[in-house]
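Undergrad: Residues in the sequence shown are numbered consecutively from -15, following our numbering. Okay, here's the structure, questions in a sec.
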Amino acid sequence: MLELDDIVLQRGARTLLTQANLRIEAGERVGLVGPSGAGKSSLLAVLAGTLPIQGGRVRNDFQRVGVAFQQPRLLPWRSVFDNVRIPLRAAGFSRQAARATARDWLHWVGLGQRLRAWPRQLSGGEAHRVALARAFSIKPDLLLLDEPFSALDPALRQEMRGLCNTAVRMTGASLLYVSHHPLELSELVDRCVNLELGRLRPYPLLGRSHFSSQSVSFP
């Protein structure tokens, strides 16, 4: 379980969160929307443990947190394979397990033939596939996604959301997904919250499509 209790977050003279409350249960998928500049990315940084708060309490019972950002943030001096393998080693995987897991996930996202490619040789969609493989490869029980596909064209964005949806449902990971497009969240999340004026409030899902992952194999 993840719980935010009356969180206060300030960046300089600006207050982004004021008595913000949120609870995410194990296996629950939650969407986060709100206007630009409301503090959505900062909230994810708080949950990832990279940004300190000025008040309130964060309780995080999840053990492994995977994160994917708007930009893939790949290491340009490392191969595609190493961009997934190195975080696995840092997470405590053995050398052999890290190599096997990185290879399996890169095959799963369709990049089995690009293991030795450099990030500069990848298309935008391929780079996001690497970032997705990296986030899921650590077997997260909580996944934080900060508009990871927003820079892609609509068709590719839909394809990547489907891939992400499959992985989330088959791993059982809890999810907090930030998006500027509430409608696209309908196929990914159970419920949605809106961040505005420093507070988190329920936000209605605007429709729901039915996505099936029954026939998809998994690493």
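Positions of the beta carbon are idealized from the N, C-alpha and C atoms, including for glycine. Note that this is a predicted model, so its numbers are computed, not measured.
#1: Which residue comes first and which comes last in the alpha helix (DSSP H) that contains Pro138?
#2: Glu180: buried (16+ other C-beta within 10 angstroms of its C-beta) or exposed?
#3: My output table needs one value for Val64: the three-state DSSP class, helix, strand or coil.
#4: Going straight from the alpha carbon of Asn51 to that of Phe65, what length do you get?
#5: For Met(-15), is the classification buried or exposed, using 16 other Cβ atoms within 10 angstroms of its Cβ as the cut-off for buried?
#6: Do Gln38 and Leu(-7) have their C-beta atoms within less than 8 angstroms of each other?
#7: Taking the Cβ atom as the reference point for each residue, do Ser163 and Val14 lie within a distance shorter than 8 angstroms?
#8: If contact is defined by three or more beta carbon pairs under 8 angstroms, each pair taking one atom from either stretch, is the stretch 26 to 46 in contact with the stretch 67 to 74?
#9: Short of 7 angstroms in beta carbon distance, which residues of its chain neighbour His112, apart from the five on each side in sequence? Order them along the chain.
#10: Measure from the alpha carbon of Pro138 to the alpha carbon of each residue in Phe77, Ile122, His165, then state which is nearest.
#11: Could you give the distance in angstroms between the alpha-carbon of Arg153 and the alpha-carbon of Leu147?
#12: Rounded to whole angstroms, what's the CA-CA distance from Leu59 to Glu110? Just pull it up for me.
#13: For Trp92, tell me which candidate among Glu(-13), Leu(-12), Ala151 has the shortest Cα-Cα distance.
#14: With a 10 Å radius around its C-beta and 16 neighbouring C-beta atoms as the bar for buried, classify Arg118 as buried or exposed.
#15: Quick check on this structure: which residue in Gly156, Ser170, Asp88, Leu128 has the alpha carbon closest to the alpha carbon of Gln142?
#16: Classify Ile8 as helix, strand or coil using the three-state DSSP reduction.
#17: Would you report the Cα separation of Leu6 and Pro186, rounded to the nearest angstrom?
#18: Just to confirm, are Ala86 and Leu72 a CB contact at a threshold of 8 angstroms?
#19: Find out if the Cβ-Cβ distance for the pair Ser158, Phe77 is shorter than 8 angstroms.
#20: Going by beta-carbon coordinates alone, are Asp174 and Glu12 separated by less than 8 angstroms?
#21: On a CA-only basis, which of Ile8, Ser63, Arg(-5) is nearest Pro36? Give me that one, please.
TA: The relevant details are as follows:
#1: Here the alpha helix (DSSP H) through Pro138 covers 138 to 155.
#2: Exposed: under 16 other Cβ atoms inside 10 Å.
#3: Helix at Val64.
#4: Sequence inspection shows Val at residue 51; the Asn mentioned does not correspond to that position. Val51 and Phe65: Cα-Cα distance of roughly 18 angstroms.
#5: By the neighbour-count criterion, in which a residue is buried when 16 or more other Cβ atoms sit within 10 angstroms of its Cβ, Met(-15) is exposed.
#6: Contact: yes.
#7: No; because the gap between Cβ atoms is not below 8 angstroms, this pair is not in contact.
#8: Taking 8 angstroms as the limit for Cβ pairs, the verdict is that the stretch 26 to 46 does not touch the stretch 67 to 74.
#9: Here the set comprises Pro56, Pro132, Phe133, Leu136, Met144.
#10: The residue among Phe77, Ile122, His165 with its C-alpha nearest the C-alpha of Pro138 is His165.
#11: Answer to the nearest angstrom: the Cα atoms are 10 angstroms apart.
#12: The straight-line gap from Cα to Cα measures roughly 14 angstroms.
#13: Nearest option by C-alpha distance: Ala151.
#14: It counts as buried.
#15: Nearest Cα to Gln142 within the set Gly156, Ser170, Asp88, Leu128: Ser170.
#16: Here Ile8 sits in strand by DSSP.
#17: Straight through space, the alpha carbons of Pro186 and Leu6 are spaced by roughly 10 angstroms.
#18: It is a contact, given that the beta carbons lie within the stated cut-off.
#19: No.
#20: Cβ atoms of Asp174 and Glu12: closer than 8 angstroms.
#21: Among Ile8, Ser63, Arg(-5), the Cα nearest to that of Pro36 belongs to Arg(-5).
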